[in-house]
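Residue numbers (our numbering): 175 to 1185. Even glycine gets a Cβ: it sits at the ideal position worked out from N, Cα and C. From a predicted model like this one, the values you see are computed outputs, not experimental measurements.
In structure tokens form, the structure reads like this:
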């Protein structure tokens, strides 16, 4: 071997040496016989360097994996001999190989096995076992090889081709017939020989047993001698975790339900006799985590067995299994309530399934009673005896699960609410599991759940002042969870009739009257507001509590809380509360608006302190304010006045900031730092540095958000007029649209005004039209791809909404918009700039959507009146998009446009010259596009595009008739070498009235054409 090149394998080698080693590696891989040098080096143990050994194994691995078929029988035999010689040398070596060498060797052995076991090397395992014997080093490599074989042949997480899957199935079948008993015997010998002297090797063997037991004959493992040995390992501290995992795999294996019940029951008896069920005495939480997983596996296996027995009507067997299952519940409850969440989480699955069993048992009991009542009494008494209703012990188990869940839902004192990290995230996920368990309890016994929650909640609320926050929070949380746990009952929980008031209504009354909203902890405060909003129906039947709850929202407990996290969440919940209950707040509207006025300040306070609410939080409060104004009982004048009072401060501030931005156009002044006399935001008439300009312009660009949110209460122009708010929003447009001429932070301003216009088209309808031309003119200046992409939906909305009413405007703006799009699409970009490429793709799609909107809204004259040259330019872009752009979404839109234009202009009275365009360009496009290599007929979106191609051809035939068929038969199809028979076939299909026929035919047509 090239010793100099091998120097580059050293981790400390410099770049040139590493490059040389890499080149040498490639050379050996591709050489027909140079790899044999590596094989010889391994067989004779020539090199002591671990990195060179690893290198040699890599070369050998490449030969087996990619070049095995090209090797001669002699060379294949050499590989087998090399591996066995290397294995034998390890038994006599003074030092064991490094772990990474052993793992790589195991991979190579496994690869050789997969490649040759079924053909050249059926003695693979016997050869290895004859070399290894009980030598610990040899056994280690043997076990690693078995795990590597599992990864190659069995592991379901690895994707295999159909051929590999067939091969792997055959390998497993052959192994079962030829060698599995011998392998199992070798595992037993290793476990027995090394359980006291080599725990690492023993654990490795247990892992192998657990891995292989899923697909081998379970009787080979689940027998007295093997299980006795495994259970003995459960008492050895260094082995018991791996033994637990191995037993888990055994009990999880699919088998006859009766036999599974016997297996699990026998395991449990032995484990209980050995003291493993005394969970409270076990201090090793790592072991308990493994043990809880085993208990969960046994329990879920019994559930599966019970379900299978019930399904086949084996009631006696089901009862035996149910008793066995019930016997595991006390132990499971201990684990569920364990203080370690990992241990508890491991048995949630069995608890969930157990509750499902109880639900089915209860259902069967109820169902059989129904059968009895209607006289359907075959074997009724016998069946009822075999499948009893919920017993007292089962109800006790349900209650115990509930109590455990309630306990485990409770936060630890160490939970960091202000800076949640990984531990906190894990607890949140664990809480979600417990919530599902509580939901299942509700399905089995809603009365028990409601009673338990009421008991905990009432007890806690009676002394909330002295209770730790964890107890108060979890009491509220349980009340909150009832909303989803008992959804079918929620409507009935709240009644105006006091005699019919439910437990839930009583708990809500306690929540809002006991003063717990004053509790000083973030988690309790948030849970209070979440619960109040979840049960908003309560306030519809007891509206007398609304004023007090509103005060909680508005004062230091809610929107003015010291925690930004609380304020932010409360802003959203306040909006929801107002939208649901606004009809009950007419008497408080002006008071509420006055109390939130300072929270709607749109610039930070002059003292430099951060605002109480972020701009996003303010949006929710503005929306709530808008709902209050609109839903009040006052007349239009009062509502209009309130809305103007709400919005005028915003417009005034916007005007001041906009004027300030206009004055700050000088670049040098923008770059200068703020003067000492200015606030962080500056003030009208004072100097302002660049950061302030950027901040203020960003603020100005976002002000449409508050306006849009206040308009959420309106559905159309009529509602705006009825509320006397038409002039208010028109005034807003008068202020906002001119702001588009501001040169500073133009993008933010454009985005804001554009979004506001979208909303005003709905609220003001034709009243918005006078503002559209000026806005469009500004938005089309100095555009970027993203600007245009976002502007086009506005034009499309106007087109769809007003149609012919805006035709003059659209004719005026059409070509400027198209030219702006062409200019942006034509700009050069870096070849690897993925962002720019995506922006252009999205803009191109938007452009085609714009043309589609024009063609599909009955105002095709907008395009027709653009002049011949411009029309041709647009039409050719549609043809290009249909044929040359590998984007099925855009292609589909293009063919929709072409079909629509044929419908509009393709008849006798259509656009002059358009029939020629059909034959010269549209017809060829219909055949060229599907033949492109990028037109993937296996892709669902592309198939949809092909359907539009078919419909386009169908539309051409509809408009041009026999002339089109003659053109296909005599000119176009012969020119592209389509046979007369297929041409005639296609023409016949085009004449069929059912469009589904041509869609199906066209797919088959192009599939044949590609062969």
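Coil, strand or helix - residue i by DSSP
i            : result
residue 429  : coil
residue 870  : Only weak support is given to the placement of residue 870: the predicted model assigns it a pLDDT of 43, under 50, and the question is left unresolved by the model.
residue 893  : helix
residue 252  : helix
residue 347  : helix
residue 589  : coil
residue 129  : This structure cannot settle anything about residue 129, because the visible part of the chain is limited to 175 through 1185.
residue 738  : helix
residue 456  : coil
residue 1095 : helix
residue 409  : coil
residue 470  : helix
residue 267  : coil
residue 863  : A caution first: residue 863 carries a pLDDT of 36, below 50, which makes its placement in the model too unreliable to give a value.
residue 1004 : coil
residue 241  : coil
residue 1028 : helix
residue 1034 : coil
residue 1167 : coil
residue 785  : coil
residue 850  : Any reading at residue 850 needs caution, since the residue's pLDDT is 35, under 50, leaving its predicted position unreliable; the model's value is listed next. Three-state DSSP puts residue 850 in coil, outside helix and strand.
residue 342  : helix
residue 294  : coil
residue 401  : helix
residue 379  : helix
residue 486  : coil
residue 475  : helix
residue 562  : Below a pLDDT of 50, predicted positions are generally treated as unreliable, and residue 562, at 42, falls in that range; the measurement from the model is reported next regardless. Three-state result, residue 562: coil.
residue 806  : coil
residue 1179 : helix
residue 1106 : coil
residue 389  : coil
residue 395  : coil
Of the residues the options, the one placed nearest residue i, counting alpha carbons only
i            : options                 : result
residue 475  : 459, 485, 499 and 378   : 499
residue 312  : 993, 346, 577 and 375   : 375
residue 984  : 793, 1027 and 837       : 1027
residue 836  : 334, 899 and 918        : 918
residue 287  : 233, 346 and 796        : 346
residue 483  : 435, 239 and 530        : 435
residue 702  : 748, 714, 677 and 676   : 748
residue 758  : 601, 1048 and 718       : 718
residue 473  : 987, 244 and 497        : 497
residue 1069 : 1097, 1045 and 1088     : 1097
residue 1020 : 967, 1040, 1003 and 241 : 967
residue 635  : 998, 647 and 624        : 647
residue 219  : 695, 294, 269 and 196   : 269
residue 959  : 922, 439, 1017 and 975  : 1017
Boundaries (first-last residue) of the alpha helix (DSSP H) holding residue i
i            : result
residue 641  : Element bounds for residue 641: n/a, residue is neither H nor E.
residue 924  : 920 to 937
residue 1123 : 1114 to 1134
residue 970  : 959 to 976
residue 1083 : Looking at the DSSP string, residue 1083 is not in any alpha helix (DSSP H), and its letter there is neither H nor E.
residue 575  : 566 to 583
residue 1195 : This structure gives no information on residue 1195, because the portion of the chain shown stretches from 175 to 1185.
residue 817  : 810 to 837
residue 497  : 489 to 501
residue 331  : Unbroken run through residue 331: none, as it is neither H nor E.
residue 768  : 763 to 770
residue 517  : 515 to 519
residue 272  : It is not in any alpha helix (DSSP H) - residue 272 carries neither H nor E in the DSSP assignment.
residue 602  : 596 to 618
residue 997  : 981 to 999
Margin query: I'd like the ranges of any alpha helix (DSSP H) spanning at least 4 consecutive residues and lying wholly in the stretch 687 to 731.
Written below: The alpha helix (DSSP H) runs lying completely inside the stretch 687 to 731 and spanning 4 residues or more are 696 to 708, 710 to 715 and 720 to 728, given in chain order.
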